[in-house]
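For reference, each letter of the sequence shown is one residue, going 11 to 78 in this note's numbering.
Down below is the structure, laid out as structure tokens.
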Amino acid sequence: MVNPPKPGEPSYALYEKETTAIYESLKRRAVKLVEGFRKMEGVTCNYSQVRAHAGFLRATGPSRSPSY
């Protein structure tokens with residue numbers, strides 16, 4: 011938002027409530043995503059410092075492709 015309401019303005023309480031709800035929702039989704047990745051074999055994922063992001067994903071696989 012380019013010009014959010016400032017504390018004391020009539021719409022500030024609603025703005026604060028909405029932005030907090032959005033941020034908390036993003037954090038919950040990021041935690042679920044990281045937990046899901048951690049359950050997968052060969053995949054590691056760490057939380058980022060900004061808990062609204064899933065973090066860094068690393069997938070490992072076989073060292074060679076199967077030959078047919």
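Quick reminder that beta carbons are idealized off the backbone N, C-alpha and C, glycines included.
Here the structure is a predicted model, which is why all the values come from computation and not from measurement.
Where does residue i sit, in a helix, a strand or coil, going by DSSP?
| i | result |
| --- | --- |
| V12 | coil |
| T70 | coil |
Here's a check: name, in chain order, each residue in its chain whose Cβ is nearer than 8 Å to the Cβ of residue i, leaving out the five neighbours to either side.
| i | result |
| --- | --- |
| V53 | F47, L67, R68, A69, T70 |
Excluding five sequence neighbours on each side, which residues of the same chain lie with their C-beta closer than 7 Å to the C-beta of residue i?
| i | result |
| --- | --- |
| M50 | none |
| P14 | Y25 |
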